[in-house]
Amino acid sequence: MAYSQNWNLENIFAGGISSPTLKKKLLLITDQTADFSQKITNYNLSNDQPNYQNFIDLTTLAQKIEAGLLQASVFVNALISDDFSNTTLSAKAAKINVLKATYAQPLGKFKQLLAKIEPNSWAIILKLPTIKPIAFALTEMRQQAVELLDDNTENLLKQLELDGLSAWSSHYDTIAASLTMPFTDANNQTTTISAGQALNHLEGYPDAAVREKLLTNYENMWAQAEGLVADTLNHLAGFRLTEYASHNIKDFLQKPLALNRMSKATLDAMWQTVSANKSILVPYFERKAQLIGKKKLGFQDIYAPIKVPGYQAPTITYDYAAKFIITNFEQFSPKMASLARKAFENRWIEAENRPGKQPGGYMESVPELGESRIFLTFTGSPNDASTIAHELGHAFHSSVLTDLPFWRGNYAMNVAETASTFAELVVNDAKVQEAKNVAEKLTLLDAKLNNPVAMLMNIHARYLFEISFYKARQDHLVSPDELNNLMLNAQKTAFADSLDKYHPHFWASKLHFYIDDIPFYNFPYTFGYLFSLGIYALAKKTGDFEEQYIALLRDTANMSTEELAKKHLGVDLTKPDFWQAAIDIIAQDINEFLTLSEQFI
Ligand SMILES: [Zn+2]
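Mapping of the sequence shown onto the working numbering: residues -11 to 589, in sequence order.
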């Protein structure tokens, strides 16, 4: 059968952006939020004993509001993704953002209410059958409230954030959007391109000489804006450090670690094992340099496609990709395969290649339907099959949580990529296995090795840079020259000194350093990747893996990361062994790449 490449949004809210059911839903959420606010104001713990029914009702109502807000924003964002240049849609998105901000106020009060409950009653409440499944989420909220200052100060901080932290973040976007540079392609045609276009070419342009010139121009472009960008980065971090200090937080890693529910010991064990294994990637870089006709790779070459004589990458159809994914999921987990089939058959996926769509891909849960929606653009490249598999992995994660309370689905960024990376690994491995000749196999292996290069080297450089930058920023405003030096040193360490050209202005060009709501937007990626590699290794060893895997996914928002690994994998994340086992899998791919590529040099 031929699968549709357009998603169905009608069963979420019928009638598009002016949907009457959406309108009704937003009115309902407004009423529910007012009701929630009223009920918190009137709440009296001693009158609520011994059953705590009013307390239970509060948690039910809050989760209902949150699920409704998600349902509405997923729908509106989906319409925006479909028709990206249509600016009239953003008014509806803005309206939902106002509803979210309105709900944030009573939610804050609810957290403070939790903090005031004395330990004896708290212990009784957590054991109530309706509360037990969300005990972890509630305990976390209670702890968050303990850090808070009085209401007025917290409100003032939130208000100042709009013209502080968030403002610096969007100021960065304004600077980046204003930049252009010359680009000379392989036919010697010169055009003017944006920072975004330059980045795309930098990661994929097939000609090495063009890429090298491109990185030089890219560096120059960011150098011209370095004063403005350095101000932005300094004030963004400065705002954060002041906010931390006001909450008596002295360590700038405390917040990022808490957001990912993991300990410093785990983070250190992970990076120490990564550092100890850098050398495995160096021979891969040397061989890749030979294959693209260079002595050493530059920063601009690390993700570049290799050229294998006589090989042209095939194009695949959407139906072929679907069948390939379902068949290979089946080998690991019939439930994963059946979820994928359901997603293709019930039109959960928007994949059509047409102008006007948002770039990139994502998965969103539709909580009130227990469904998911996946957005991407299918161009026929074998990589697109990996992208679909990745997003279906996210959808599978979401599907095993649908019968649980909404607050049991709020997993952190570090474990969010577990199921997706796992699904992508299944499909990537199958592709390499089924390659028709050595040239194809080599090309696929090279594409697969982009992930370890990103996770063990590129992301590591970002982490090392941010650590040294925040240390310096605690003491002084950091000049562009100092920022360049910090970045250059971080890249040299992270790439094991193996490149002949670096990108010192990476602190300016990389958007991730300017995200306001998540600090240290880097190490959770490496964590998620290595964590799922470890699970993949286990899956290949164990027979009854499916149930164990699902049990782990169901607990991703229910305990600390260390407890999750201990309970479901029997491993200690604060020790190097687990991380080493994950990296050993990468080493196998590198060895295979080195053996297969010998005949082409
Ligand atoms: Zn993902």
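From the three backbone atoms N, C-alpha and C, an ideal C-beta is built for every residue, glycine too.
Go ahead and pull the three-state DSSP assignment for residue i.
i	result
residue 362	strand
residue 350	strand
residue 47	helix
residue 356	coil
residue 304	coil
residue 191	helix
residue 337	strand
residue 249	coil
residue 443	helix
residue 535	helix
residue 299	coil
residue 503	coil
residue 463	coil
residue 322	helix
residue 53	helix
residue 342	coil
residue 244	helix
residue 259	helix
residue 367	coil
residue -2	coil
residue 185	helix
residue 491	coil
residue 520	helix
residue 3	coil
Once the 5 residues before and after residue i are set aside, which same chain residues still bring their CB inside 7 Å of it?
i	result
residue 423	429 and 432
residue 563	257
residue 277	283, 284 and 285
residue 50	24, 95 and 98
residue 299	427, 428 and 431
residue 215	468
residue 541	385, 388 and 407
residue 168	180, 181 and 182
Given residue i, which residues of its chain have a CB within under 8 Å of its CB, disregarding the five upstream and five downstream residues?
i	result
residue 207	491, 492 and 493
residue 31	42, 43, 46 and 101
residue 309	366, 372, 373 and 376
residue 171	178, 179, 180, 181, 185, 186, 189, 202 and 205
residue 559	522, 553, 565 and 566
residue 53	17, 20, 21, 24 and 91
Could you spell out the range, first to last residue, of the beta strand (DSSP E) harbouring residue i?
i	result
residue 508	Looking at the DSSP string, residue 508 is not in any beta strand (DSSP E), and its letter there is neither H nor E.
residue 169	168 to 172
At which residues does the alpha helix (DSSP H) containing residue i begin and terminate?
i	result
residue 78	78 to 104
residue 182	No alpha helix (DSSP H) holds residue 182; the beta strand (DSSP E) holding it covers 178 to 182.
residue 571	564 to 585
residue 36	33 to 36
residue 207	196 to 212
residue 140	139 to 151
residue 555	549 to 557
residue 271	270 to 279
residue 26	8 to 30
residue 494	494 to 497
residue 473	468 to 482
residue 110	107 to 115
residue 394	No alpha helix (DSSP H) contains residue 394, which DSSP labels as neither H nor E.
residue 419	406 to 421
residue 131	123 to 135
Return the Cβ separation of residue i and residue j in integer angstroms, given the expectation that the two are a contact with Cβ distance under 8 Å.
i	j	result
residue 191	residue 291	5 Å
residue -5	residue 361	6 Å
residue 210	residue 496	4 Å
residue 160	residue 230	Not quite, the Cβ-Cβ distance comes to about 19 Å (not below 8 Å), so this is no contact.
residue 515	residue 225	Their Cβ separation, rounded to whole angstroms, is 22 Å, which puts residue 515 and residue 225 out of contact at 8 Å.
residue 571	residue 261	7 Å
residue 248	residue 396	So it is not a contact: roughly 17 Å between Cβ atoms.
Within the same chain, show all residues whose beta-carbon is closer than 6 Å to that of residue i, passing over the 5 residues directly before and after it, in chain order.
i	result
residue 517	409 and 443
residue 130	102 and 103
residue 317	324, 325 and 328
residue 561	254, 550 and 553
residue 297	none
(request) Tell me, please, whether the segment 371 to 385 touches the segment 469 to 487 by the rule of three or more beta-carbon pairs shorter than 8 Å. (result) no
(request) Could you tell me whether the segment 75 to 93 touches the segment 48 to 65, where touching means 3 or more Cβ pairs closer than 8 Å? (result) yes
(request) Report yes or no: do the segment 521 to 534 and the segment 236 to 255 share at least 3 C-beta pairs separated by less than 8 Å? (result) no
(request) May I ask you to verify whether the segment 538 to 553 touches the segment 394 to 404, counting CB pairs closer than 8 Å and requiring at least 3? (result) yes
(request) Take every Cβ of the segment 11 to 19, pair it with every Cβ of the segment 64 to 73, and state whether three or more of those distances are shorter than 8 Å. (result) no
(message) I want to know whether the segment 451 to 459 touches the segment 507 to 516 - three or more CB-CB distances under 8 Å.
(response) yes
(message) For the segment 376 to 396 against the segment 339 to 352, do three or more pairs of beta-carbon atoms, one drawn from each stretch, fall closer than 8 Å, so that the two count as touching?
(response) yes
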